[in-house]
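Let me begin by presenting the structure, written as structure tokens, before commenting on it.
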Amino acid sequence: MIRCYADFVETLLNAGFSMGGGSDDGIYAVVNTDWNEPPSSENPIRWHTGEPDTDPWEWRIRVLDERNDIAYGKLFFKKSGYITREWYPYFLTVRRGGISFNEAYELGTISHFAKRIYEVVAGNGTLALHDIKQIAGFSKEDKSGFDRALTELQMGLFLTMCGKAHKSLRQAESNNAWASTVFCTTESFFGDAVFEEAAKIAKDTAWEKLKEQILKLNQAAQEKKINKFILG
């Protein structure tokens, strides 16, 4: 039973990866609590209360602010999820296969919108969502294409979330301020060592290792779902 943030982190580190939105999607979720389920003495977890110790929505930013061994973003089925530092090289091997962003673009596996996003983030180190749109020149009419491209980059493990920021100091001081997600490259987030480890792992080995772990977490996981989860 996950009753607090500490329980969540401990369980996630043992699991290695997890869906992030309160549903296991047929694979696995550390927190598998419906957003509308009321808290109780048996289960104090409640979404969107703002309580840092019992609100899973807050935990996605806490792990990014307080730790350097857990990645969060749209990672599985185009939905949110977590991958720990230990397991990240295996996903890198399967999804990126040792190629750089530029190589992927030349191969035609990266969209032009994704290229625009990636280049401004890589050129600035870290960028908030609203700054990415402004600097890369995206308009309101580009919203759907922008959103798809940003998800594409996260699923491909080229960009990852690394925190949140407010548009201004005045907003940051407001209790009701809207925060913007901040992104960076995965190379910046985890460093070279993760990529060096990934380069030493054969794709078949990585795939089998991931599949084995998924089945440890959920013996009922279906083959089709497993494959889609791993490949992204």
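Numbering follows the working numbering, in which position 187 of the sequence shown is assigned residue number 178; successive positions increment by one, without gaps.
We put the CB at the ideal spot given by N, CA and C, even for glycine.
So the candidates are the options; which of them puts its Cα closest to the Cα of residue i?
i, options, result
"P80", "V54, K194 and T117", "K194"
"F68", "M146, P43, V111 and S179", "M146"
"D228", "F180, I(-7) and R139", "Given a span of -8 to 223 for the chain in the structure shown, any question on residue 228 remains unanswerable."
"A6", "N209, L150 and K215", "N209"
"K207", "I18, G11 and F(-1)", "I18"
"A140", "I90, D46, F92 and S102", "S102"
"R76", "G11, N23 and F180", "F180"
"I74", "R107, A170 and T177", "T177"
"R58", "T117, L144, V0 and V185", "V0"
Between the alpha carbons of residue i and residue j, how many angstroms are there, rounded?
i, j, result
"R37", "S14", "14 Å"
"A189", "W48", "30 Å"
"I61", "P35", "24 Å"
"S165", "G41", "Below a pLDDT of 50, predicted positions are generally treated as unreliable, and S165, at 47, falls in that range; the measurement from the model is reported next regardless. Roughly 14 Å separates the two Cα atoms."
"A212", "G128", "42 Å"
"D138", "A105", "9 Å"
"G109", "E33", "The sequence shown places Tyr at residue 109, not Gly. Straight-line Cα distance between these residues: approximately 44 Å."
"G114", "G88", "23 Å"
"K219", "S71", "14 Å"
"E94", "D183", "18 Å"
"S130", "S91", "28 Å"
"I217", "G99", "26 Å"
"G136", "G223", "19 Å"
"E132", "K191", "43 Å"
"L66", "G11", "9 Å"
"H39", "L3", "20 Å"
"K134", "D16", "26 Å"
Tell me which same chain residues have a C-beta within less than 8 Å of the C-beta of residue i, skipping the five on either side of it?
i, result
"I221", "F82, V85, W198, L201, K202 and I205"
"G116", "C175 and S179"
For residue i versus residue j, is the C-beta distance shorter than 7 Å?
i, j, result
"C153", "L55", "yes"
"A(-3)", "S9", "no"
"K264", "T142", "Given that the chain is displayed from residue -8 to residue 223, the structure contains no residue 264 and the question cannot be resolved."
"Y63", "R51", "yes"
Does the beta-carbon of residue i, which I'm using as the reference point, lie nearer than 6 Å to any heavy atom of the ligand HEM?
i, result
"E188", "The ligand HEM is not among the ligands present in this structure, which contains no ligands whatsoever."
Output needed for residue i: all residues of its chain with C-beta closer than 6 Å, excluding positions within five of it in sequence on either side, in chain order.
i, result
"I126", "V111"
"T24", "G13 and I36"
"V185", "Y79 and P80"
"Y96", "K106"
Who are the near neighbours of residue i in its chain, counting only those whose CB is closer than 7 Å to its CB and skipping five residues on each side?
i, result
"L144", "A105, I108, Y109 and L150"
"C(-5)", "D44 and T45"
"K215", "none"
"L148", "F82, L83, R86, R87 and T177"
Subject >> At least 3 beta-carbon pairs within less than 8 Å: the stretch 197 to 205 vs the stretch 114 to 130 >> reply: no
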